[in-house]
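Novice: All you need for the working numbering is the position in the sequence shown, starting with 1, plus 1.
A virtual CB, placed ideally from N, CA and C, is assigned to each residue, including glycine.
My questions all concern the structure below.
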Amino acid sequence: MPITPLPLPAGPAVLDALPTLERALTGTAPIHPHSPDESPIIPDGPVPDDLAVTVATSGSTGTPKLSLLTAANLIASAEATAERLGGHGQWLLALPPHHIAGLQVLLRSITAGTTPVVLEASGVTPLRGSGRGALAPQDSAFALVEATARMHGERRYTSLVPTQLARLVDDPLGLEALRRFDAILVGGAATAAPLLDRARSEGVRIVTTYGMSETAGGCVYNGKPLRDVTVRTGVDGTLEIGGPVVAHGYLGLETDAFVARDGQTWFRTSDLGSVDGEGRVTVLGRSDDLINTGGMKVTPRTVEDAVVAHVPAVTGAVVVGLPDPEWGQIIGLAAVTSPGGPPPGPVPPEGLGEIREMLRPHLPAHALPRRALVVTEMPLRGPGKPDRTAVARLLEG
2 MPITPLPLPA
12 GPAVLDALPT
22 LERALTGTAP
32 IHPHSPDESP
42 IIPDGPVPDD
52 LAVTVATSGS
62 TGTPKLSLLT
72 AANLIASAEA
82 TAERLGGHGQ
92 WLLALPPHHI
102 AGLQVLLRSI
112 TAGTTPVVLE
122 ASGVTPLRGS
132 GRGALAPQDS
142 AFALVEATAR
152 MHGERRYTSL
162 VPTQLARLVD
172 DPLGLEALRR
182 FDAILVGGAA
192 TAAPLLDRAR
202 SEGVRIVTTY
212 GMSETAGGCV
222 YNGKPLRDVT
232 VRTGVDGTLE
242 IGGPVVAHGY
252 LGLETDAFVA
262 RDGQTWFRTS
272 DLGSVDGEGR
282 VTVLGRSDDL
292 INTGGMKVTP
302 RTVEDAVVAH
312 VPAVTGAVVV
322 GLPDPEWGQI
332 IGLAAVTSPG
342 GPPPGPVPPE
352 GLGEIREMLR
362 PHLPAHALPR
372 RALVVTEMPL
382 RGPGKPDRTA
392 VARLLEG
């Protein structure tokens, strides 16, 4: 069955692709969504009978892979999402439509029988800092206000990444627009607890999501798996996900990440985490991001959360392991600060000492940063995820 490349532009022009996406959801006309500035090469390989889309992963571990998502996967995801949120509704597209989170906004709209609203401004999604195509925060807020005013559904939903949420919450216009949504899914990267607390205290109905291309997008909402989705911890401490949303596999690639067991397909993630007795999922971060310093293992997210919570003026943090001849690796910290905070550049020894003392009551000694850098914009890749390789280069420079 041939797979048709489908360029999905940002902005309202993407609505022209809705009939093609609707045919894809029948499982008889599979497509590969991609950015208009890409010329994807679609590998050969066996595909399931009801293949709907092949979606590129974010490339966290190297070359992106193409997840084989069937019509059944996508419809199960859309229906379970609607059930969890309180019913089908109208969606606002504020993310690149060729990534799974943005694509799902379009597919959920088709399933619901509603027409999505798309931000008028091209490049409004602040996914890659202030580079070409990104808008200033006030422009983002205006675009969201304008788009929200065009929504007419009884229930209103959208999906954002944490960077977008942070910028919109800081703008009075953006905050007012956010309050008009019945639910705002936030995913793509970990969202700092202070940001979640602030948004929710301002009346914004945030739903944190966890998932990936291999699971048709978010499949765990506010820590609880969607209907018929099961999450468990494997023997190596990484999370495994099973259920109707799990992809058939990767196109043209043999892998042991997908396993048929217990009557369903399981996807072995690379994310460390835990599942409590009530089924609540906690994600600690990727296993390949784990830092080994002096024989002690440190999860970056633990340090990042502590920095944002306990170091004044820090609004975002990314922690990486840096090579060190004595310790093997040391903890490196890149931080974004609020206006009026420390200037961009390496943190001097006295400043680093102050940061370590602030964190000492909350972290073990081996997890305290030994090098720190203030940046104006955090390097990002894909749908709002931190580019840890780029952060390491900055800290080593």
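Throw me the rounded Cβ distance for the valine 375 and alanine 336 pair, which I believe falls under 8 Å.
Specialist: So it is a contact: roughly 6 Å between Cβ atoms.
Novice: Note the first and the last residue of the continuous beta strand (DSSP E) segment covering glutamate 358.
Specialist: It is not in any beta strand (DSSP E) - glutamate 358 instead sits in the alpha helix (DSSP H) that spans 350 to 360.
Novice: As a quick exercise: from Thr239, Arg233, Gly212, Asp257, pick the residue whose alpha carbon is nearest that of valine 246.
Specialist: Closest by alpha carbon: Gly212.
Novice: Is alanine 193 buried or exposed, if buried means 16 or more other CB atoms sit within 10 Å of its CB?
Specialist: With 16 or more Cβ atoms within 10 Å of its Cβ, alanine 193 is classed as buried.
Novice: Using C-beta distances below 6 Å, list every residue in its chain close to proline 34, excluding the 5 sequence neighbours before and after it, in chain order.
Specialist: Result list for proline 34: Leu7, Leu9, His99, Leu104, in chain order.
Novice: Short check: CB of isoleucine 4 to CB of proline 47, under 8 Å?
Specialist: Not a contact, by the Cβ cut-off of 8 Å.
Novice: Which whole-angstrom value describes the C-beta separation of leucine 227 and aspartate 272, a residue pair presumed to lie in contact below a C-beta threshold of 8 Å?
Specialist: Not quite, the Cβ-Cβ distance comes to about 17 Å (not below 8 Å), so this is no contact.
Novice: Only counting runs of 3 or more residues, tell me where the beta strand (DSSP E) segments fall wholly within the segment 315 to 351, in order along the chain.
Specialist: If we require 3 residues or more, the beta strand (DSSP E) runs fully inside the segment 315 to 351 come out as 315 to 325, 329 to 338.
Novice: Per DSSP, which one or two residues make a beta bridge with glycine 204?
Specialist: Answer is none; glycine 204 lacks a bridge partner.
Novice: In the DSSP output, what is aspartate 272 paired with across the bridge?
Specialist: BP columns for aspartate 272 point to Arg287.
Novice: Buried or exposed, going by whether 16 or more other CB atoms sit within 10 Å of the CB of arginine 151?
Specialist: Under this definition arginine 151 is an exposed residue.
Novice: Under the three-state reduction of DSSP, which class applies to isoleucine 32: helix, strand or coil?
Specialist: Isoleucine 32 falls in the strand class under three-state DSSP.
Novice: Can you name the residues that DSSP bridges to leucine 381?
Specialist: In the DSSP output, where bridge partners are listed per residue, leucine 381 has Pro387.
Novice: Do the segment 330 to 344 and the segment 275 to 289 make contact, defined as three or more Cβ pairs closer than 8 Å?
Specialist: Not touching, per the Cβ criterion.
Novice: Is it buried or exposed, asparagine 74, if we count other Cβ atoms within 10 angstroms and call 16 or more buried?
Specialist: It counts as buried.
Novice: Can you grab the Cα-Cα spacing for the pair methionine 379 / valine 308, in whole Å?
Specialist: Methionine 379 and valine 308: Cα-Cα distance of roughly 15 Å.
Novice: With DSSP run on the structure shown, which of helix, strand or coil describes glutamate 241?
Specialist: Of the three classes helix, strand and coil, the one that applies to glutamate 241 here is strand, per DSSP.
Novice: Give a yes or no on whether the C-beta atoms belonging to leucine 176 and glutamate 203 are separated by under 8 Å.
Specialist: A contact, by the Cβ cut-off of 8 Å.
Novice: Under 8 Å Cβ to Cβ from glutamine 139, same chain only, skipping five residues before and after it: list those, please.
Specialist: In this prediction, glutamine 139 scores a pLDDT of 49, lower than 50, which makes its location untrustworthy; no coordinate-derived value is stated.
Novice: Quick one: Cα of threonine 294 to Cα of proline 350, how far?
Specialist: Roughly 20 Å separates the two Cα atoms.
Novice: Can you tell me the Cβ-Cβ gap for serine 110 and tryptophan 92, rounded? I've got them flagged as a contact below 8 Å.
Specialist: The pair is a contact, with the Cβ atoms about 5 Å apart (cut-off 8 Å).
Novice: In three-state terms, what does DSSP make of threonine 116?
Specialist: Coil at threonine 116, not helix or strand.
Novice: When burial is assigned at 16 or more other CB atoms within 10 Å of the CB, is isoleucine 42 buried or exposed?
Specialist: Classification for isoleucine 42: exposed.
Novice: What number of angstroms, rounded off, separates the C-alpha of tyrosine 251 from the C-alpha of methionine 2?
Specialist: Distance between the alpha carbons of tyrosine 251 and methionine 2 is about 15 Å.
Novice: Does the count of Cβ pairs from the segment 318 to 332 and the segment 353 to 363 closer than 8 Å reach three?
Specialist: No contact exists between the segment 318 to 332 and the segment 353 to 363.
Novice: Between the Cα of leucine 69 and those of Ala83, His89, Gly28, spot the shortest distance and give me the residue it belongs to.
Specialist: Checking every option, the nearest Cα to that of leucine 69 belongs to Gly28.
Novice: So is glycine 286 buried or exposed if we call it buried at 16+ other beta carbons inside 10 Å?
Specialist: Its Cβ being crowded by 16 or more others within 10 Å, glycine 286 is buried.
Novice: Using the C-alpha atoms, what's the distance from valine 56 back to histidine 89?
Specialist: Distance between the alpha carbons of histidine 89 and valine 56: 24 Å.
Novice: What's the gap between the Cα of threonine 149 and the Cα of leucine 186?
Specialist: About 15 Å.
Novice: Leaving out five residues on either side along the sequence, give the residues of the same chain with a beta carbon under 7 Å from the beta carbon of alanine 18.
Specialist: Closer than 7 Å at the Cβ level, and outside the excluded window around alanine 18, lie Leu7, Leu9.
Novice: Thinking C-beta only, is leucine 22 closer than 8 Å to leucine 96?
Specialist: No, they are not a contact pair.
Novice: In three-state DSSP terms, what is alanine 53?
Specialist: In the structure shown, alanine 53 sits in a strand (DSSP, three-state: E or B).
Novice: According to DSSP, is threonine 300 helix, strand or coil?
Specialist: If DSSP states are grouped into helix, strand and coil, threonine 300 belongs with coil.
Novice: Leaving aside the five residues before and after aspartate 38 along the sequence, list all residues of the same chain whose C-beta is less than 7 Å from its C-beta, in chain order.
Specialist: Hits under 7 Å: none found.
Novice: In or out: glycine 278 buried (at least 16 other Cβ within 10 Å) or exposed?
Specialist: By the 10 Å Cβ count, glycine 278 comes out exposed.
Novice: In this structure, does DSSP put arginine 372 in helix, strand or coil?
Specialist: In the structure shown, arginine 372 sits in a strand (DSSP, three-state: E or B).
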